Structures are given as structure tokens and as C-alpha cells.
Amino acid sequence: MSLGEVMLRFDPGEDRIATTRSFRVWEGGGEYNVARGLRRCFGMRSAIVTALVDNPVGRLVEDLMLQGGVDITQVLWRDYDGIGLEARNGIYFLERGFGARGALGSMDRGHTAISQLKPGDIDWGRLFGQAGSRWFHTGGVFCALSETTPLVAREAMQAAKRHGAIVSYDCNYRPSLWKARGGRLAATRVNRELAPYVDVLFGHEGDLSLELGEHSSGPPSHTPESYAAMADRVMQAHPNFRVMATATRRPRTANRNDWGGYAFANGQLYVGRAMEDLEIFDRVGGGDSFASGLIYGLLSGQDVPYALQCGIAHGALAMTTPGDSSFATLAEVERLMAGAGAGVQR
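If you want the numbering used here, it's the 1-based position in the sequence shown plus 309.
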């Protein structure tokens, strides 16, 4: 079960936002993408808890989510006032970039329905008690939406822990979302308040140290050794963390990246098999697909190395197709994990 905002993405394809005359639309959102990947690629039942305004845009997002297969019975529908003054649905525009021109996004998500959620709006005890969810996921994007969303996240985490569910959290710091609320320091404060309820933490080196208020001797070097030192320090400060994991990305160009991942558990660092010079079609959602692959591995009883490599492979495949979400199959993920090439399958 994921908690987060689901937006409508406008994709100009090969064109630029400012010059295109047509867009393709997708649904997307950091926490939602994880639930969708678990359902569509890995065949696990998943649900999204979110809020939408009941107008044609909201119903379009609903229709897209129905195609994604995620259970949407926990969507809270808010009345539409005719102009979006009281609440609205989030939209965003994103061009993919190519070569030396990086991807470019433009958000329009202020005063959305989900940003107005408050503690008590959702009966988490009923959801976890009746639905029997084994895993709960949310992240820093949701918590950045308003002053009340971190309180909702904490309420949900506490209910998840009472009912024996594993809790994962993706730090996912977005400067644009935190700018009006205190920036990095505000995000750090929220993350530290939520840390006691987290079992599995996602986030890249540097962000994890800074966002959890830990101190390092210098800037992150993004090496396995520096990640291990950081993770060991963070886990000593937060002994409830069972696993820490991150995807690693080094852009050569907008459409060629080095891609891999690390995980840290039981005092040991695991380094996934990296993919050098990976060709990227649409980079958005790669980290979310990494998270869903790792969660699938752990939920299915596999060890950390398997889960890590599953996340790396799923993230890589997700970036070969348009949109935020994965169109990969489990068989394709397993083939890539086994080192299969990109030859035609007949």
C-alpha cells in the first residue's frame, strides 16, 4: 500500500514543452509508481491511498490508474468548485531531453486535494487491519506537499507498525517542493521525526546523510566505500533500519547513463552489477522502479543481493519506455538479471 500524490503528466514526446502542439498523457507520482510497478511487473496486489478532485481531469487520472491495475478503492474524492479554488488535481509537464540537453520538468501542483489531507481523514487501522497489507510505502515527495502531510505519513506508519507491516520511505528530496517551507533543514526535521517508524530506507548518498541530519567528514564521493561508511553511521543512529538502498546514476548525456545500485544490511554492503552507458528513453521513474524491484525481492523471500539486482534491472527496463511507470515484465527483469543481451526474442 502506497501513500502519495498521483498527477497527470503531459509528455511532448520528441518536442519541447514550449514549442509542441500536442502532448501524450500519463499518470505518475513517486509513491504511486512503486505500487504500480509491483502490480504490473511483479504481479503483486497493491493499492494507492491518494486524493483527487472529482472533475474530468481527476477521472482521467482514475482511468489511467485502472489500466495500471492498482487498487484505487482508497482514493478520496473531493468536490469540485468549478474553478479549482478550493482544491485541484496536480499536473506536470516533462520533456525527456537528448544528448547535451537535459530533461526539463514544469510542475503545476499547488493546492492539490492530497496536500490538504489531515490526520483522521483516513481510517488506517481499518485499512491495515482488514486489508492485511504486508508493506507500506511513502516518501519525501508526499511529505513536502504541505504542513499536514508529514503528520498523515506518521499516522499511517504508526498504524502499519501496529499491524505488523514493513514500512519503507524514500527520502526523495525535491528543492522546488521544500523551497517555501524551509528547504533542506525542514526536510531533515521531517525525516528525522519519521525515521523511528522506517524499516527500509531509500535515498542516495549525500541526501541520506543530510536529510537525516547526520554529519560526514566531507562531501560524498559516491563510491561503494563512502556509501558503506555513511550507511553504517546512519544505521547506528537508527537501529530500526533493516535495509538501506539506493540506485546510482552517472549521466554521460541525457540519454546515456551509467546505472547501478547499493544496499546495506546487517553491517554489510552489497554492490549490484552496474550497467555502463545504459541507453535511456525516458529517465523519469527509474528510481521508483528500482524501489519496487527491491521491495518485490524482499517480499518474495529472496536475499538482499537478489532484491538489489532485481531493483537495478527493473529500473533499467523502466527507462527504456515512455512515461513514469514500468512496462516491463517479470520475465524481462529476470533475463536482464541473468545477463541476457538485447537480442530479439522469438
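The beta carbon of each residue, even a glycine, is placed where N, CA and C say it ideally should be.
Since this is a predicted model, take the numbers as computed values, not measurements.
* **Three-state secondary structure assigned by DSSP to Leu484** => Correcting the residue type first, residue 484 is Pro in the shown sequence and not Leu. Reduced to three states, the DSSP call for Pro484 is helix.
* At 3 residues or longer, and completely inside the segment 577-614: list those beta strand (DSSP E) runs for me, N to C. => 577-580 and 584-588
* Asked: Quick one: Cα of Arg387 to Cα of Thr421, how far?
  -> 10 angstroms
* Taking 8 angstroms as the cut-off, decide whether the C-beta atoms of Val499 and Pro459 are in contact. => yes
* Which of helix, strand or coil does DSSP assign to Val315? -> coil
* Is the Cβ-Cβ distance between Val343 and Ser601 less than 8 angstroms? -> yes
* To do: Alpha carbon to alpha carbon, how far is Ser535 from Thr557? Give it in angstroms, no decimals.
  => 13 angstroms
* Comparing alpha-carbon positions, which option in Gly419, Asp380, Gly378 and Gly377 lies nearest Arg397? -> Gly419
* Do Ala540 and Phe573 come within 8 angstroms of each other at the CB atom, strictly closer than that value? -> yes
* Pick out the complete alpha helix (DSSP H) segments inside the segment 417-459, 4 residues or longer, and give them in chain order. => 433-440 and 449-452
* To do: Please work out which residues of its chain come closer than 7 angstroms, Cβ to Cβ, to Glu464, disregarding the five sequence neighbours upstream and downstream, and give them in chain order.
  => Pro428 and Trp433
* How far does the alpha helix (DSSP H) with Met544 in it reach, from first residue to last? -> Pro533 to Ala546
* Compare the C-alpha of Leu617 against each of Asp633, Gly632, Arg592 and Leu645 and name the closest. => Leu645
* **Which of helix, strand or coil DSSP assigns to Asp380** => strand
* To do: Would you check if the segment 353-365 and the segment 317-324 touch, i.e. whether three or more CB-CB distances between them fall below 8 angstroms?
  => no
* Does DSSP put Ala647 in a helix, in a strand, or in coil? -> coil
* Asked: Between which two residues does the beta strand (DSSP E) carrying Glu404 extend?
  -> Ile400 to Glu404
* Asked: What does DSSP give as the partner residues of Pro560 in its beta bridges?
  -> Asn566
* Beta-carbon spacing of Ala462, Leu503 below 8 angstroms -> yes
* **At least three beta-carbon pairs within less than 8 angstroms, the segment 472-487 to the segment 435-452** => yes
* Asked: How many whole angstroms separate the CB atoms of Phe451 and Leu312, which I take to be in contact at a CB cut-off of 8 angstroms?
  -> 6 angstroms
* Environment of Glu585 [buried if 16+ CB atoms lie within 10 Å] -> exposed
* Asked: Which residues in the same chain have their Cβ closer than 8 angstroms to the Cβ of Ile400, if we skip the five residues on either side of it in sequence?
  -> Met316, Leu317, Arg318, Phe319, Val366, Asp417 and Arg418
* Asked: Applying the criterion that 16 or more other CB atoms from any shown protein chain within 10 Å of the CB defines a buried residue, is Arg483 buried or exposed?
  -> exposed
* **N- and C-terminal bounds of the alpha helix (DSSP H) containing Tyr341** => Gly339 to Arg349
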